[in-house]
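Novice: Just passing along the structure, written as structure tokens.
Numbering (this note's numbering), first residue to last: 18 to 263.
Pasting the structure below:
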């Protein structure tokens with residue numbers, strides 16, 4: 018029997034692209050790191066004013082309450098709509114379309130949509146947002162790690178190395194760096210003449226050192242479920258990161 022998983026809470030809003038980054042990394046690593054990942058849909062407007070995601074986040078709260086096994090997929094689909102396809106996520110029909118594309122039936126999606134105006138859903142979303150604020154959140158995403166009886170709050174999507182350190186896990190593969198830069202970094206790190214074979218496109222790469230014939234192999238991330246552009250036209254250089262994380 019392996020060690021018991023530690024718990025990570027991810028407080029996120031689909032209006033935050035940085036929450037998407039953090040979401041994909043933690044979903045990818047939850048089995049590798051043996052962590053129990055608790056997704057906490059949070060209203061960024063409760064922390065930062067003038068957000069337009071109230072209906073979407075209430076819908077995700079309802080999903081968590083009624084169909085928690087679908088929360089990851091529905092969250093991802095809402096991110097895809099707003100940050101990849103430049104589509105609306107505030108209107109009821111937009112939310113229904115995202116829910117059905119994620120795998121919910123039309124009847125399930127409609128039932129959940131009707132829940133977003135109930136006092137129970139409103140109260141739950143407010144409570145989760147207040148919990149995030151009590152942890153010290155001043156924006157999203159926020160990851161709260163419960164490790165060895167201690168609680169650690171990490172803000173932002175660029176704290177994965179710190180999180181790996183807290184968990185005692187060092188198999189942090191990082192987002193794929195373009196192959197030439199990655200191989201150059203490895204050459205500098207090893208400090209010796211090497212015969213390097215490398216490739217990107219989510220395939221394993223191997224570095225063989227001339228001295229000792231050492232070989233390093235990094236496993237690829239899981240295959241993509243959906244092959245499409247993950248950003249708006251005119252993607253920034255790092256946008257392809259999403260293609261490697263899902």
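Just so you know, even glycine gets a beta-carbon here, dropped at the ideal spot from N, CA and C.
Report the three-state DSSP secondary structure of residue 222 (helix, strand or coil).
Specialist: Note that residue 222 scores 33 on pLDDT, short of 50, meaning its location in the model is unreliable; the coordinates nonetheless yield the value given after this. In the structure shown, residue 222 adopts coil according to DSSP, grouped into three states.
Novice: With DSSP as the reference, label residue 108 as helix, strand or coil.
Specialist: Three-state DSSP puts residue 108 in coil, outside helix and strand.
Novice: Is the beta carbon of residue 174 closer than 9 Å to that of residue 36?
Specialist: yes
Novice: Can you tell me where the alpha helix (DSSP H) holding residue 45 begins and where it ends?
Specialist: 34-46
Novice: Let me make sure I understand the geometry here. Which of 185, 78, 99, 58 has the alpha-carbon closest to that of residue 165?
Specialist: 185
Novice: Of the residues 76, 31, 23, which one's Cα is nearest the Cα of residue 138?
Specialist: 76
Novice: What residue range is occupied by the uninterrupted beta strand (DSSP E) comprising residue 23?
Specialist: 23-29
Novice: In angstroms with no decimal places, state the Cα-to-Cα distance between residue 122 and residue 90.
Specialist: 13 Å
Novice: Who are residue 172's beta bridge partners in DSSP?
Specialist: 159
Novice: Rounded to whole angstroms, what is the Cα-Cα separation between residue 183 and residue 110?
Specialist: 42 Å
Novice: Could you tell me the distance, in whole angstroms, from the CA atom of residue 84 to the CA atom of residue 178?
Specialist: 32 Å
Novice: To the nearest angstrom, how far is it from the Cα of residue 106 to the Cα of residue 34?
Specialist: If you draw a straight line from the Cα of residue 106 to the Cα of residue 34, it comes to about 14 Å.
Novice: Please report the distance separating the alpha-carbon of residue 23 from that of residue 163.
Specialist: Each residue's Cα considered, the two are about 6 Å apart.
Novice: Can you give the beta carbon distance from residue 44 to residue 54, rounded, assuming they're within the 8 Å contact cut?
Specialist: 7 Å
Novice: From residue 113 to residue 156, what distance separates their C-alpha atoms?
Specialist: 27 Å
Novice: How would you label residue 103, buried or exposed, when you count the other beta carbons within 10 angstroms and need 16 or more for buried?
Specialist: exposed
Novice: With respect to the alpha helix (DSSP H) encompassing residue 60, which residues constitute its N-terminal and C-terminal limits?
Specialist: Taken as a continuous stretch (DSSP letters only), residue 60 belongs to no alpha helix (DSSP H), as it is neither H nor E.
Novice: With DSSP as the reference, please indicate the residues paired to residue 56 in a beta bridge.
Specialist: 27
Novice: Between which two residues does the alpha helix (DSSP H) containing residue 98 stretch?
Specialist: No alpha helix (DSSP H) holds residue 98; DSSP gives it neither H nor E.
Novice: How about residue 56 and residue 146: do their beta carbons lie closer than 9 Å?
Specialist: no
Novice: Under 7 Å Cβ to Cβ from residue 87, same chain only, skipping five residues before and after it: list those, please.
Specialist: 80, 119, 120, 121
Novice: Buried or exposed: which applies to residue 232, given that a residue is buried once 16 or more other Cβ atoms fall within 10 Å of its Cβ?
Specialist: Any reading at residue 232 needs caution, since the residue's pLDDT is 36, under 50, leaving its predicted position unreliable; the model's value is listed next. Exposed, since its Cβ has fewer than 16 Cβ neighbours within 10 Å.
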